[in-house]
Amino acid sequence: MFIETKNLTKKFGGLAAVNKVDFHIEKGKINAIIGPNGAGKSTFFNLISGFHRPSSGTVLFKGTDITKLPANKIAGLGISRTFQTTSLFEQSTVLDNVIVGHRLRTKSNLFDAILRTKRLKREEKACRDKAMEVIEIVGLTHASDKMVASISQEEKKRTAIALALATDPEIIFLDEPAAGINSDETQGLINLIKQLNQRGLTICLIEHKMSMIMNLADHIMVLNYGEKIAEGTPKEISSNDDVIKAYLGGSASA
Amino acid sequence: MEILLQQLFNSLTIGSVYSLVALGLTLVYGILHIPNFAHGALYMMGGYITLTMMTAFGFNYWVAMFVSILVVGLIGVLLERFVFRLLREAPPLHDKIAAIGILLFLEAFAQFVWGADFQTMTSPYGQVVTIMGLTFTMQRLLIIVSAIVVMILLYLFLKKTFTGASIIAMSQSREGASLVGININKVAMLTFMISGGLAAIAASLASPINLVFPGMGHLVILKAFVIIILGGMGSIPGAIVGGYILGFSESLGATYISNDYKDIIAFVLLVIILTVKPTGLFAKGER
Amino acid sequence: MKIMNKRTGLIALFVLAILFPLIFQNDYYTHMLTLSFIWAIAVYGINLLAGYTGYLSLAHAGFFAIGAYSLGLLTVKAEMNFWPALVLACLITSVVGLLIGVIALRTKEHFFAIYTLCVGYIIYLVIDKWDGLTGGVRGLIGINAPSNIGPITFETAESQYYLVLTFLVVVIFVIYRIVHSLTGRTFLAIRNSEELAQTIGISTMKNKLTAFVLSTFFAGLAGALYASFVRFIGPDIGSTAIMFDLLMYLLVGGIGTLSGPLVGTLMLVILSQNLQFLQEYRMLIFGPILTLIIIFYPRGISGSFFDWKRKRRNQTGNVLKPIKVEEG
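As you go down the protein sequences, you meet chains A, B and C in turn.
First residue of the first sequence: 1, per full-length UniProt numbering; consecutive thereafter.
First residue of the second sequence: 1, per full-length UniProt numbering; consecutive thereafter.
First residue of the third sequence: 1, per full-length UniProt numbering; consecutive thereafter.
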């Protein structure tokens, strides 16, 4: 099993945002977590990526317990993520934003910086090459020298994905990658996600647009009020009574 | 025992002043998330204006205090309108620096107008009363009673009036408040006015037992920050309780440890609190 | 071509700095510039933390004072030679910085500012009250000028000017190197968003601590130079008034820019010297300037200048090379 959660629970002041969730992510697949707003999807991501410490339960990565690791260590293991609203550095270029993404694979320190050692020069080049490579993968080569403030919302999403890719991840978690962009652009992103997956990257994404997930994901988990109510292939999910009830009930009352 | 009681009484006096200053600071923080470093300067202005009204215009203590409340409240409104409103979307660093600029200006202004000397404010309540072997000056009694009255009035205003309720609503959620049709700009100005007014009251009450000088707000504001971190940034009951707790610890510290270092107590307290809980006591959940 | 221009400009500036005392032959100006350079070193330290890492420390006047008093006490009371005392003073400041940083950096934003403001005040109070060690309000007098290095002495105003200038140039060079390295990019990533920095595997605590200790090191260095230059120090050098002065130099010059600290410090020190009659009340002007700058020109003189240049370059279509992370 690639990533596995056991009994994962997070309580905020008595209320369970994520309640006893057992989930597994299969290597090389596109996994998805869906559910109505406030179902605990983002919290679940935050637990796996080390931003929140679970109240109870465990997270395993390739069999090792990573429950208590801080976020930066988890990134170091090859688990990367994006945020719903990415806070890129707007007054800087796409390239400069992405370069620092490879920093975790480098070792040069303050003294390398002051003395401008060979190691620093080598690693700076490695970071730049890496950045150019991932910018090309996400299809932004033409915009790499543009200020982030001047590019479109969709291009920002791609930049954020490039930044996540620059960390050399084995798996990437995408938090609502299609939020705030139109349907044409969404199709472009879907293609990108598929393409990343074909390169061997494991994907796990959060989405509440059902339609997008159904054509994309291999494996889906449905959360509602912090609890897992269903898990399976898109086919299984779309015919699951609990899911239909939660989704229709949820959106009808919302 | 008598020393202890006397100290307890003194701590109530100091605590009352601290609470009033902290209240103004916490109101502004709760609603606008601005740590108003200039609040101490507002306190100082309050002291000077009351003093000037009394000496230059011969006003009665209470009338002078009333004028001071109006003037400092107005300064607060101007600050909101012409400085902090322009910085609402700016990074949090900018608010702090703008506040520091205002602080520097107001202090230089006070020094320019009133000079750098220490001045005394003579209150009409200098009499000494003795109750059960303890001696109090009337002014100190007055501070305690007035502070309580002001707190009750503030409580009634916030809880019982529509305007007060909108302040509370906005402190809970700015977006929510704007959705239900609360005019954020008006509430922000009003909050700054109340905050300034509270600072003026605190300074006018405390000046007769302390002194009036351009730097009189320095320690008070730092301590008020300690108090609102102690009581929870933005919390009103926290500011009141925190003020009395600090007043109490300082009086005890001055008696039993060292008068020289009593001003350090607040900061040591703060360093301990933030060392144990970096988000302050009573932080509102984790994100 | 562009780089050549920049380089020639820098060289010209450097030559001017070297020739300055020879041209003017005026001890008063030399003295004033030396003092500005010392302040500028401290401001560079604050800039590394506040400008590049995003943490506004209000304790740095305290660290400046720790550096100054360490040097003063080591040379006066322990009768140590200036040079080892200078090294020790910087180390002492950095160690205190490390201890405070470990705790202070767990707090964020407002809490950090308030926390460091209080730490600064504690440092000031301790210096003021610890009569036996520091001399309290009476201050510490009779600090020696830097001792000779072989035949070179530091008794005259000119020689001290060159000494401080050397330190300033080294400090700027070191900061230039840091800012334009992977470490500098890491700092900027933290300033931009700590959450994002963590998800890309950056240990934010370790990096913030590095920036903090470095910035206290520079503050301590400036303090130590100040002590041996002015020869007298009092607790006031650790007061919030000094802290706010330094902050003002930084903001007027341009926070988060490389030239800002020097530009701001030189400008304001020279300006306030020329407004001597205003000395007491200079904050009547500088206070509002600080507030207006942060509202309308948050990147200060240097930052706004480079923004303007960039805009002009874009308008004329003469886009040679996109601007680097933070030019200035």
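Don't be surprised by glycine CBs; every beta carbon is placed ideally from N, CA and C.
So, for residue i: in the same chain, excluding its five sequence neighbours on each side, which residues have a beta-carbon less than 8 Å away from its beta-carbon?
{"i": "T9 (chain A)", "result": "A16, V18, N19, K20, V21, P54, S55, S56, G57"}
{"i": "V150 (chain B)", "result": "L20, L198, I201"}
{"i": "F118 (chain B)", "result": "L211, V212, F213"}
{"i": "V63 (chain B)", "result": "M53"}
{"i": "P235 (chain C)", "result": "A65, Y124, I127, D128, T134, G136, V137, G139"}
CB residue i to CB residue j, shorter than 8 Å?
{"i": "N224 (chain A)", "j": "G35 (chain A)", "result": "yes"}
{"i": "Y44 (chain C)", "j": "I172 (chain C)", "result": "yes"}
{"i": "I69 (chain B)", "j": "G197 (chain B)", "result": "yes"}
{"i": "E155 (chain C)", "j": "A145 (chain C)", "result": "yes"}
{"i": "I242 (chain C)", "j": "A61 (chain C)", "result": "yes"}
{"i": "L99 (chain C)", "j": "F212 (chain C)", "result": "no"}
{"i": "I220 (chain A)", "j": "A32 (chain A)", "result": "yes"}
{"i": "P13 (chain B)", "j": "I143 (chain B)", "result": "For clarity, residue 13 (chain B) is Thr in the given sequence; the question names Pro instead. It is a contact, given that the beta carbons lie within the stated cut-off."}
{"i": "G50 (chain A)", "j": "I200 (chain C)", "result": "no"}
{"i": "T93 (chain A)", "j": "D145 (chain A)", "result": "yes"}
{"i": "Q7 (chain B)", "j": "S251 (chain B)", "result": "yes"}
Could you tell me the boundaries of the beta strand (DSSP E) in which residue i lies?
{"i": "H208 (chain A)", "result": "Run containing H208 (chain A): none; DSSP gives neither H nor E here."}
{"i": "G57 (chain A)", "result": "56–61"}
{"i": "residue 260 (chain A)", "result": "Not covered by the structure: residue 260 (chain A). The range shown for chain A is 1 to 254."}
{"i": "K10 (chain A)", "result": "3–12"}
{"i": "L134 (chain B)", "result": "134–137"}
{"i": "H24 (chain A)", "result": "15–25"}
{"i": "H219 (chain A)", "result": "219–224"}
{"i": "V129 (chain B)", "result": "128–131"}
{"i": "S80 (chain A)", "result": "79–81"}
{"i": "L47 (chain A)", "result": "Note, L47 (chain A): premise wrong, no beta strand (DSSP E); alpha helix (DSSP H) at 41–48."}
In the DSSP assignment, find the alpha helix (DSSP H) that holds residue i and state where it starts and stops.
{"i": "residue 289 (chain B)", "result": "As displayed, chain B neither begins before 1 nor continues past 287, which places residue 289 (chain B) out of reach and without an answer."}
{"i": "N10 (chain B)", "result": "2–32"}
{"i": "I168 (chain B)", "result": "162–172"}
{"i": "D95 (chain B)", "result": "92–114"}
{"i": "K235 (chain A)", "result": "234–238"}
{"i": "N81 (chain C)", "result": "Where N81 (chain C) is concerned, there is no enclosing alpha helix (DSSP H), given that its DSSP letter is neither H nor E."}
{"i": "D112 (chain A)", "result": "110–115"}
{"i": "I285 (chain C)", "result": "283–296"}
{"i": "L201 (chain A)", "result": "Premise fails: L201 (chain A) is in no alpha helix (DSSP H) and is neither H nor E."}
For residue i, which residues of its own chain have a beta-carbon under 6 Å away from its beta-carbon, when the five flanking residues on both sides are left out?
{"i": "G317 (chain C)", "result": "Residue confidence for G317 (chain C) is low, a pLDDT of 46 falling below 50, so the modelled location carries little weight; the figure read from the coordinates is stated next. For G317 (chain C), where only same-chain residues beyond five positions count, there are no Cβ hits under 6 Å."}
{"i": "F225 (chain B)", "result": "none"}
{"i": "R116 (chain A)", "result": "none"}
{"i": "A38 (chain B)", "result": "A99, I102, L103"}
{"i": "R7 (chain C)", "result": "none"}
Pop quiz: residue i and residue j are said to be a contact at Cβ under 8 Å. What is the actual Cβ separation, rounded to whole angstroms?
{"i": "I41 (chain C)", "j": "F267 (chain B)", "result": "Between F267 (chain B) and I41 (chain C) the Cβ distance is about 27 Å, and since that is not below 8 Å, they are no contact."}
{"i": "G215 (chain B)", "j": "E107 (chain B)", "result": "7 Å"}
{"i": "I273 (chain B)", "j": "I228 (chain B)", "result": "Between I228 (chain B) and I273 (chain B) the Cβ distance is about 11 Å, and since that is not below 8 Å, they are no contact."}
{"i": "G72 (chain C)", "j": "A222 (chain C)", "result": "Wrong, their Cβ atoms sit about 14 Å apart, outside the cutoff."}
{"i": "T191 (chain B)", "j": "V28 (chain B)", "result": "6 Å"}
{"i": "L284 (chain C)", "j": "F66 (chain B)", "result": "That pair is no contact at about 28 Å."}
{"i": "F111 (chain C)", "j": "T279 (chain B)", "result": "7 Å"}
{"i": "S171 (chain B)", "j": "I34 (chain B)", "result": "Going by Cβ atoms, the distance from S171 (chain B) to I34 (chain B) rounds to 12 Å, so no, they are not a contact pair."}
{"i": "S42 (chain A)", "j": "D168 (chain A)", "result": "Actually they do not touch by this definition, with Cβ atoms about 24 Å apart."}
{"i": "G97 (chain C)", "j": "F217 (chain C)", "result": "7 Å"}
If I measure Cβ to Cβ from residue i and keep anything under 7 Å in the same chain, skipping five residues before and after, which residues do I get?
{"i": "T153 (chain C)", "result": "S159"}
{"i": "Y48 (chain B)", "result": "A110, W114, V212"}
{"i": "P261 (chain C)", "result": "A40, V43, Y44, N47, Y249, L250, G253"}
{"i": "K208 (chain C)", "result": "T53, Y55, L105, I190"}
{"i": "E133 (chain A)", "result": "none"}
{"i": "A68 (chain C)", "result": "G223, A224, Y226, A227, I233, I237"}
{"i": "residue 297 (chain B)", "result": "A question about residue 297 (chain B) goes unanswered here, because the residues of chain B that appear run from 1 up to 287."}
Please list, in chain order, the residues of the segment 275–289 of chain C that have any C-beta partner in chain B closer than 8 Å. E280, Y281, R282, M283, L284, F286, G287, P288, I289
Could you run through the segment 106–119 of chain B and flag, in chain order, every residue whose CB is less than 8 Å away from some CB of chain C? L106, E107, A108, F109, Q111, F112, A116
Against chain B, which members of the segment 119–144 of chain C pass a CB distance test of less than 9 Å? V119, Y121, I122, L125, V126, K129
Can you pull out the residues from the segment 253–278 of chain C whose beta carbon lies closer than 9 Å to at least one beta carbon of chain B? I255
Give the residues from the segment 139–156 of chain B that approach chain C closer than 8 Å (Cβ to any Cβ), ordered along the chain. none
If contact means a Cβ-Cβ distance below 7 Å, which residues of the segment 92–117 of chain C contact chain E? The structure shown contains no chain E; its protein chains are A, B and C.
Along the segment 184–218 of chain B, where does the CB come closer than 8 Å to a CB of chain C? Name the residues. H218
Would you list, in chain order, the members of the segment 30–60 of chain C that have their beta-carbon closer than 8 Å to a beta-carbon of chain A? none
If contact means a Cβ-Cβ distance below 7 Å, which residues of the segment 125–145 of chain A contact chain C? C127, D145
So if I threshold CB-CB distances at 9 Å, which residues from the segment 85–102 of chain B count as touching chain C? L86, L87, A90, P91, P92, L93, H94, D95, K96, I97, A98, A99, I100, G101, I102
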